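Counting from 23, one number per residue, gives the positions in the sequence shown under the working numbering.
The beta-carbon is built from N, C-alpha and C at its ideal position, and this holds for glycine as well.
These numbers were taken from a predicted model, which means no experiment stands behind them.
Have a look at the structure below, then the notes.
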Amino acid sequence: MALLDLMGLGTDKQAVIIDFGTAFTKIGLAGEQVPRHIIRTELEKIINNKLESVPILNGKTGLQGADKDNLSSLLKDFFHEIYFKQLLVNPKERRVVICDSMLKPIEIRNLMAKILFTHFEVPSVTFIPSHLLALFACGLQSGLVVDVGYTETAVVPVFEQGTILTGIEFIDLAALSLEEHINNQIMESGVVFIENQEKPAKDHIKSLKSRILEDIKVRCCFVGRKDCNLEAVPVKYPLEGGITLNVDGKIRAHAADTLFEGDEEGKSIATLILDSILKCPIDCRKMLAENIVLVGGSVMMPGFESRLMAELKYLLKSDQYSQSLFLKKLAMKKPPVPANYCSWQGGALLGALEILPELSIGRDRYKADPFIPDWSTVLAVNKEDVTKSLLDDDLKWKKLRKTLPATSSASPLLSRAAPPTSSSSASAAALAAARSRSTLSISERVKQELSK
Numbered sequence: 023m024a025l026l027d028l029m030g031l032g033t034d035k036q037a038v039i040i041d042f043g044t045a046f047t048k049i050g051l052a053g054e055q056v057p058r059h060i061i062r063t064e065l066e067k068i069i070n071n072k073l074e075s076v077p078i079l080n081g082k083t084g085l086q087g088a089d090k091d092n093l094s095s096l097l098k099d100f101f102h103e104i105y106f107k108q109l110l111v112n113p114k115e116r117r118v119v120i121c122d123s124m125l126k127p128i129e130i131r132n133l134m135a136k137i138l139f140t141h142f143e144v145p146s147v148t149f150i151p152s153h154l155l156a157l158f159a160c161g162l163q164s165g166l167v168v169d170v171g172y173t174e175t176a177v178v179p180v181f182e183q184g185t186i187l188t189g190i191e192f193i194d195l196a197a198l199s200l201e202e203h204i205n206n207q208i209m210e211s212g213v214v215f216i217e218n219q220e221k222p223a224k225d226h227i228k229s230l231k232s233r234i235l236e237d238i239k240v241r242c243c244f245v246g247r248k249d250c251n252l253e254a255v256p257v258k259y260p261l262e263g264g265i266t267l268n269v270d271g272k273i274r275a276h277a278a279d280t281l282f283e284g285d286e287e288g289k290s291i292a293t294l295i296l297d298s299i300l301k302c303p304i305d306c307r308k309m310l311a312e313n314i315v316l317v318g319g320s321v322m323m324p325g326f327e328s329r330l331m332a333e334l335k336y337l338l339k340s341d342q343y344s345q346s347l348f349l350k351k352l353a354m355k356k357p358p359v360p361a362n363y364c365s366w367q368g369g370a371l372l373g374a375l376e377i378l379p380e381l382s383i384g385r386d387r388y389k390a391d392p393f394i395p396d397w398s399t400v401l402a403v404n405k406e407d408v409t410k411s412l413l414d415d416d417l418k419w420k421k422l423r424k425t426l427p428a429t430s431s432a433s434p435l436l437s438r439a440a441p442p443t444s445s446s447s448a449s450a451a452a453l454a455a456a457r458s459r460s461t462l463s464i465s466e467r468v469k470q471e472l473s474k
């Protein structure tokens with residue numbers, strides 16, 4: 023049982039915080055400092071009499087027919103594992119906060135909500151963009167979030183808690199590209215030791231599994247300096263069947279070069295950051311450049327931050343950016359928690375606040391209208407709310423005028439000829455104060471909505 027539940031600090035039990043990733047999912051409860059579990063986003067299924075791992079999210083842009091039915095079944099089993107095998111909590115008693123990606127297909131978001139409301143009967147569900155939660159965990163209102171995920175890297179600029187949609191950039195260079203590069207290097211020039219005899223790796227290994235490549239990346243590799251001729255010391259990595267893989271120094275130090283050298287179009291993580299800043303309004307660029315937040319498991323590789331900073335400074339001096347970006351300072355803000363669950367930590371902080379019910383979609387509301395808004399519909403709703411608030415304030419103003427004493431002839435606001443009496447002065451003062459409060463509230467709302 024959760025500690026805050028035992029202490030009885032609130033009527034509602036701690037919300038369940040879920041950060042879905044393509045490779046890993048972070049789960050835990052609101053108000054806690056670290057996730058309770060970090061599990062793979064996959065399920066063990068028996069296929070052709072063999073136990074195989076089936077990924078839940080494979081980066082598809084849409085769902086149709088059998089894919090949707092298959093994903094629905096996988097998500098039900100995955101949520102069941104989260105609630106009854108990992109967290110050991112009753113889903114009917116706890117709200118859910120899902121750290122969502124803006125690039126995730128709306129079909130997946132709707133399917134998650136449908137399963138949580140109809141199958142698990144959760145009280146409410148809240149979808150919060152993961153990049154906003156990452157900044158929230160860092161205590162920032164403005165910043166440039168660089169999320170190096172498993173299949174893609176996304177750069178999202180945020181200014182005063184509002185996402186600058188025109189500045190969003192993404193590229194298919196991420197952890198998967200790094201693992202494929204390691205596998206290709208091993209297959210081309212790697213060697214293995216079998217009974218103390220050195221042999222080519224390609225003759226004894228067809229292909230390394232994703233988990234092994236990931237383990238090699240985490241345990242053996244680091245990000246070396248650009249144009250560095252020094253090679254790291256090779257290390258030996260044990261494999262099954264008495265085979266020992268020799269991971270040479272070139273693979274260890276330069277495996278991550280694929281993230282900085284760029285793809286076929288010449289885009290890399292460094293160019294992605296500068297292009298994103300360049301697409302933002304000029305008065306926001308300085309703030310974004312000085313608040314770069316790195317998120318994702320791959321950015322935790324030793325030397326990643328220093329290599330990225332060196333690449334950015336080098337590109338700023340190039341002809342491509344020297345005449346368009348005049349940035350004197352670049353700074354990276356280190357999150358207070360490890361970068362692989364920074365967004366989850368922001369969700370855990372948000373889930374412990376009293377404002378959570380106002381941001382949530384309740385079960386009764388979902389049953390009446392099974393619709394999950396995305397960022398575009400939220401903007402439309404905000405505009406309608408602003409218009410409605412303007413009309414409501416105008417109506418309140420008219421009602422207030424009717425309740426004031428009939429002193430229009432003596433009021434200085436309506437007649438300058440007649441001298442004001444004491445009663446008319448009080449009425450005029452009340453009238454002016456009411457108008458000032460009404461106008462101020464409207465301007466504040468409009469300013470807040472425009473800033474978003």
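Is it buried or exposed for residue i, if we count other Cβ within 10 angstroms and need 16 for buried?
{"i": "residue 41", "result": "buried"}
{"i": "residue 59", "result": "exposed"}
{"i": "residue 439", "result": "Any reading at residue 439 is ruled out, since the residue's pLDDT is 36, under 50, leaving its predicted position unreliable."}
{"i": "residue 201", "result": "buried"}
{"i": "residue 169", "result": "buried"}
{"i": "residue 329", "result": "buried"}
{"i": "residue 179", "result": "buried"}
{"i": "residue 122", "result": "buried"}
{"i": "residue 361", "result": "buried"}
{"i": "residue 367", "result": "buried"}
{"i": "residue 80", "result": "exposed"}
{"i": "residue 377", "result": "exposed"}
{"i": "residue 167", "result": "buried"}
{"i": "residue 175", "result": "buried"}
{"i": "residue 340", "result": "exposed"}
{"i": "residue 159", "result": "buried"}
{"i": "residue 48", "result": "buried"}
{"i": "residue 288", "result": "exposed"}
{"i": "residue 390", "result": "exposed"}
Closest by CA to residue i, which one among the options?
{"i": "residue 147", "options": "38, 246 and 48", "result": "38"}
{"i": "residue 206", "options": "218, 219, 392 and 227", "result": "227"}
{"i": "residue 364", "options": "89, 115 and 171", "result": "171"}
{"i": "residue 211", "options": "217, 203 and 320", "result": "203"}
{"i": "residue 100", "options": "119, 76 and 117", "result": "76"}
{"i": "residue 50", "options": "375, 154, 94 and 108", "result": "108"}
{"i": "residue 103", "options": "54, 342 and 66", "result": "66"}
{"i": "residue 195", "options": "375, 318 and 339", "result": "318"}
{"i": "residue 106", "options": "344, 142 and 46", "result": "142"}
{"i": "residue 9", "options": "213, 396, 243 and 132", "result": "Outside the displayed range of the chain (23 to 474) lies residue 9, so it cannot be described from this structure."}
{"i": "residue 309", "options": "339, 252, 348 and 287", "result": "348"}
{"i": "residue 249", "options": "388, 286, 230 and 336", "result": "336"}
{"i": "residue 315", "options": "187, 359, 380 and 304", "result": "359"}
{"i": "residue 313", "options": "388, 327 and 355", "result": "355"}
{"i": "residue 244", "options": "262, 45, 237 and 278", "result": "278"}
Note down, in chain order, each residue of its chain lying with its Cβ closer than 6 Å to the Cβ of residue i, except the 5 sequence neighbours on either side.
{"i": "residue 266", "result": "215, 258 and 260"}
{"i": "residue 191", "result": "177, 294, 297 and 298"}
{"i": "residue 373", "result": "37, 39, 52 and 119"}
{"i": "residue 135", "result": "147 and 394"}
{"i": "residue 381", "result": "148"}
In the DSSP output, what is residue i paired with across the bridge?
{"i": "residue 291", "result": "BP columns for residue 291 are empty, so no partner."}
{"i": "residue 146", "result": "384"}
{"i": "residue 77", "result": "64"}
{"i": "residue 219", "result": "216"}
{"i": "residue 265", "result": "216"}
{"i": "residue 316", "result": "168"}
{"i": "residue 334", "result": "According to DSSP, residue 334 bridges with nothing at all."}
{"i": "residue 69", "result": "72"}
{"i": "residue 259", "result": "267"}
{"i": "residue 359", "result": "DSSP, once it has assigned bridges, lists no residue as partnering residue 359."}
{"i": "residue 38", "result": "51 and 118"}
{"i": "residue 151", "result": "122"}
{"i": "residue 46", "result": "62"}
{"i": "residue 309", "result": "According to DSSP, which records beta bridges pairwise, residue 309 is partnered with nothing at all."}
{"i": "residue 354", "result": "314"}
Excluding the five sequence neighbours on either side, which residues of its own chain have a C-beta within less than 8 Å of the C-beta of residue i, listed in chain order?
{"i": "residue 256", "result": "268, 269, 270, 271 and 274"}
{"i": "residue 138", "result": "101, 113, 118, 144 and 147"}
{"i": "residue 276", "result": "246"}
{"i": "residue 90", "result": "129 and 133"}
{"i": "residue 306", "result": "164, 179, 181 and 186"}
Leaving out five residues on either side along the sequence, give the residues of the same chain with a beta carbon under 7 Å from the beta carbon of residue i.
{"i": "residue 73", "result": "66"}
{"i": "residue 213", "result": "220, 221, 222, 223 and 268"}
{"i": "residue 282", "result": "290, 291, 292, 329 and 333"}
{"i": "residue 510", "result": "The chain is shown only over 23 to 474; residue 510 falls outside these bounds and no answer can be derived."}
Where in the region 158-222 do unbroken runs of the beta strand (DSSP E), each at least 3 residues long, occur, reported from the N-terminal end onward? 165-170, 175-181, 191-193, 213-216 and 219-222
Could you give the uninterrupted runs of the alpha helix (DSSP H) lying entirely in the region 87-132, keeping only those of 4 residues or more? 88-103
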